[in-house]
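In the order they appear, the protein sequences are chains C and P. Be aware that the first sequence starts at 1, since it is given in the numbering used here, and climbs by one per residue. Be aware that the second sequence starts at 199, since it is given in the numbering used here, and climbs by one per residue. Heads up, the thing below is written out as structure tokens.
2 protein chains.
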Amino acid sequence: MLTPTKKEINRESLLSQGVTMLMEQGYHGTGLQQVLAAVNIPKGSFYNYFGSKENFGAEVIQHYIDPFITQLTAHLQQSDKDALGGIQRYFDELIAELEKNRFKGGCLLGNLMGEIGDTSDVCQKSLQSAVNRYRDLLKSGLAKAQQQGTVRLDKSAEEMADLLLNTWQGALLRMKIEKSSAPVKQCCQDLLGDFFKP
Amino acid sequence: MLTPTKKEINRESLLSQGVTMLMEQGYHGTGLQQVLAAVNIPKGSFYNYFGSKENFGAEVIQHYIDPFITQLTAHLQQSDKDALGGIQRYFDELIAELEKNRFKGGCLLGNLMGEIGDTSDVCQKSLQSAVNRYRDLLKSGLAKAQQQGTVRLDKSAEEMADLLLNTWQGALLRMKIEKSSAPVKQCCQDLLGDFFKP
DNA sequence: GGCAATAATATGACCGGTCGTCTCGAATGT
DNA sequence: ACATTCGAGACGACCGGTCATATTATTGCC
């Protein structure tokens, strides 16, 4: 079928609502009834679409990261001659979005890594995959910047991608409790604007 | 009274058990009954000692960070002539402990910042205070290292303390899902062994 | 000091609600 | 006609929180 089936529509809206609510209230803090009520899907249907809350969580994780991959990819393509600038502008856009949300939520991946990253096998694997997809994209951007001479060569692109991702996650946590974008701005400044420079 | 009252003993063991369980299962993932059963304290007593789960959480946070403050303070005093070395040895000790726990738990502060850092005012304030106490201690260690010439001077000690703390938190999240100490080791290597060097 | 009166604290059964999950008849598609 | 999917509601367990009662301390009086 070309038009999505009702099942696919329902799955999609549950996942989308799941992203919002898991971000706001965490995994254990969010009840399925709450998600189902928000999108007006009967409770009984849930287990037809997803087998369990845990599986749902794992799918929500993937559904969450997709737009970020797309967005970063777009910035890298758009700034083809200046990969570092593309990365910087991507993070600037993220920061603007965080400020618009008044520093609520942060990053679903970070929140769930902390909450259930070591208690749910299914979600752990989904988190690994999501983080790796994102990290690899950052890595390729940084590698291109290395070729362009805007980023130091004596550290591997992968090592820097990991460092950027980790510091960003930590800075998002600080942002949440300080209700300020200073930590995330500082993160970009310290790494992209200093440590990664040749 | 010199000997602690029964109330104080009970409070203490609840807080101690709370640290363990909130670390393992998160805030919403841990029920009060579970905590109370583990230390054999009746449910009714809980609300005499702490007014609510939220207040309990806020106290658990402080109870959690105290030993880390003590431990880092000890390392800084012990390595008086080499503050940077003291900080490095402190983190080495933390890493050894994390490996002993098979990478479970991570840091309670990080986990709770992500889970409830923007939904519970009381816990948010407690998290702020705990993180700031820890950051200020790191900052004073780094400042001393600056005086000793082992750390660069063109960045403030506070900025570096924030960066170290944030990257450490992010690395702990990665550690949890990758079940490996590589991220935290890399964190220390990148910052203490490279970026902070003069 | 001995003892009743009073205050303070400890307790666990119990509250309404929500949790994640499952059952089974109804609806749907072929 | 039949296989598959759906969905209303029920399931027992557990949630955070309350409260009347039981126990223990403290006080005041003789």
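Using N, Cα and C, we set each Cβ at its ideal position, and we do this for glycine too. All figures in this text were calculated on a predicted structure; none of them were measured in a lab.
For a contact defined as C-beta to C-beta under 9 Å, what are the partners of Gln128 of chain C on chain P?
Against chain P, a Cβ distance below 9 Å from Gln128 of chain C picks out Ile375, Glu376.
To which residues of the same chain is Lys176 of chain C closer than 7 Å at the C-beta, ignoring the five residues directly before and after it?
Cβ neighbours of Lys176 of chain C beyond the five flanking positions: Phe103, Gly106.
Decide yes or no for the touch test of the stretch 79-96 of chain C against the stretch 140-147 of chain C: beta carbon pairs closer than 8 Å, at least 3 of them.
In this structure the stretch 79-96 of chain C touches the stretch 140-147 of chain C; the number of beta carbon pairs closer than 8 Å is three or more.
Are the beta-carbon atoms of Leu325 of chain P and Leu310 of chain P separated by less than 8 Å?
For Leu325 of chain P and Leu310 of chain P, yes; Cβs fall inside 8 Å.
Pick helix, strand or coil for Arg403 of chain P, following the three-state DSSP scheme.
The question about residue 403 of chain P has no answer here: the residues shown for chain P are numbered 199 through 396.
Using a Cβ-Cβ distance under 8 Å, would Ala161 of chain C count as near chain P?
Interface criterion not met: the Cβ of Ala161 of chain C is under 8 Å from no Cβ in chain P.
If contact means a Cβ-Cβ distance below 9 Å, which residues of the stretch 144-172 of chain C contact chain P?
For the stretch 144-172 of chain C, the residues whose beta carbon sits under 9 Å from a beta carbon of chain P are, in order, Lys155, Glu159, Met160, Asp162, Leu163, Leu165, Asn166, Thr167, Trp168, Gln169, Gly170, Ala171, Leu172.
Proximal residues of chain C, C-beta to C-beta of Asn309 of chain P below 8 Å
Taking a Cβ-Cβ threshold of 8 Å, the residues of chain C close to Asn309 of chain P are Gly114, Glu115, in chain order.
C-beta contact flag for Leu109 of chain C and Ile61 of chain C at 8 Å:
A contact, by the Cβ cut-off of 8 Å.
How about the stretch 54-70 of chain C and the stretch 242-261 of chain P: do they share at least three Cβ pairs that are nearer than 8 Å?
In short, these stretches do not touch, since the Cβ pair count stays below three.
What do you reckon, are the CB atoms on Tyr225 of chain P and Ile285 of chain P nearer than 8 Å?
Between Tyr225 of chain P and Ile285 of chain P, the C-beta gap is not smaller than 8 Å, which leaves the two residues out of contact.
Within the 8 Å Cβ cut-off, does Phe103 of chain C reach chain P?
Against chain P, the CB of Phe103 of chain C has a partner CB under 8 Å away; the residue lies at that interface.
Val233 of chain P in three-state terms, based on DSSP
Here Val233 of chain P sits in helix by DSSP.
Compute the distance between the beta-carbons of Val233 of chain P and Gly249 of chain P, then report whether it is under 8 Å.
Contact flag unset, no.
Under three-state DSSP, which class holds Asp264 of chain P?
Judged by DSSP in its simplified three-state form, Asp264 of chain P adopts helix.
Hey, is Pro198 of chain C's beta-carbon within less than 8 Å of any beta-carbon in chain P?
Cβ-Cβ to chain P under 8 Å: no for Pro198 of chain C.
What residues from chain C crowd round Asp393 of chain P, counting only those whose CB sits closer than 7 Å?
Sequence check: residue 393 of chain P is Phe here, not Asp. Residues of chain C whose Cβ lies closer than 7 Å to the Cβ of Phe393 of chain P are, in chain order, Phe195.
Could you say which of P:Phe394, P:Gln275, P:Glu295 lies nearest to Leu335 of chain P if we only look at CA atoms?
Check the Cα spacing between Leu335 of chain P and each of P:Phe394, P:Gln275, P:Glu295: the tightest is with P:Gln275.
Which of the residues in the stretch 202-234 of chain P, read from start to end, lie with their CB under 7 Å from any CB of chain C?
Result list: Gln223, Gly224, His226, Gly227.
Is there a Cβ of chain C sitting closer than 8 Å to that of Met199 of chain P, yes or no?
Unreliable positioning characterises Met199 of chain P in this predicted model, as indicated by a pLDDT of 39, which lies under 50. A coordinate reading is not provided.
With 8 Å set as the bound, which would you pick, yes or no: does the beta-carbon of Thr268 of chain P sit closer than that to a beta-carbon of chain C?
No, Thr268 of chain P lies away from the interface with chain C (no Cβ there is under 8 Å from its Cβ).
I need the straight-line Cα distance from Glu356 of chain P to Phe266 of chain P, nearest angstrom please.
Roughly 18 Å between the two C-alpha positions.
Mind checking whether Glu297 of chain P and Ser379 of chain P have CB atoms under 8 Å apart?
Taking a C-beta distance under 8 Å as the contact criterion, Glu297 of chain P and Ser379 of chain P qualify as a contact pair.
Going along the chain, which residues of its own chain have a beta-carbon closer than 6 Å to the beta-carbon of Leu351 of chain P, five neighbours each way excluded?
The residues are Gln344.
For Ser16 of chain C, which three-state DSSP category applies?
In the displayed model, Ser16 of chain C falls within a helix according to three-state DSSP.
I need the DSSP call for Thr150 of chain C, collapsed to helix, strand or coil.
Three-state result, Thr150 of chain C: coil.
Report yes or no: is there a C-beta of chain C within less than 8 Å of the C-beta of Arg331 of chain P?
Arg331 of chain P is outside the set of residues whose beta carbon lies under 8 Å from a beta carbon in chain C.
Is the Cβ of Arg89 of chain C closer than 8 Å to any Cβ of chain P?
Cβ-Cβ to chain P under 8 Å: no for Arg89 of chain C.
Short-range partners of chain C found in the stretch 379-393 of chain P, where Cβ spacing is below 7 Å
Listed by position, the residues of the stretch 379-393 of chain P near chain C (Cβ gap below 7 Å) are Pro381, Gln384, Cys385, Asp388, Phe393.
State the Cα-Cα distance for the pair Ala161 of chain C and Phe46 of chain C, rounded to the nearest angstrom.
It is roughly 37 Å from the alpha-carbon of Ala161 of chain C to the alpha-carbon of Phe46 of chain C.
Just to confirm before moving on: does the CB-CB distance between Val151 of chain C and Phe196 of chain C stay below 8 Å?
Yes, these two residues count as a Cβ contact at 8 Å.
If you compare alpha carbons, which of P:His273, P:Met221, P:Thr365 is closest to Gln387 of chain P?
Minimum Cα-Cα distance from Gln387 of chain P among the listed residues P:His273, P:Met221, P:Thr365 corresponds to P:Thr365.
Report the option in C:Ala37, C:Arg135, C:Asp118 whose CA atom is closest to the CA atom of Met221 of chain P.
Per the Cα distances, C:Asp118.
Please decide whether Gly106 of chain C counts as near chain P, where near means a Cβ-Cβ distance under 8 Å.
By this cut-off, Gly106 of chain C is an interface position.
Pick out whichever of C:Cys187, C:Lys179, C:Glu178, C:Lys155 has its Cα sitting closest to the Cα of Gly368 of chain P.
Out of C:Cys187, C:Lys179, C:Glu178, C:Lys155, C:Cys187 has the C-alpha closest to the C-alpha of Gly368 of chain P.
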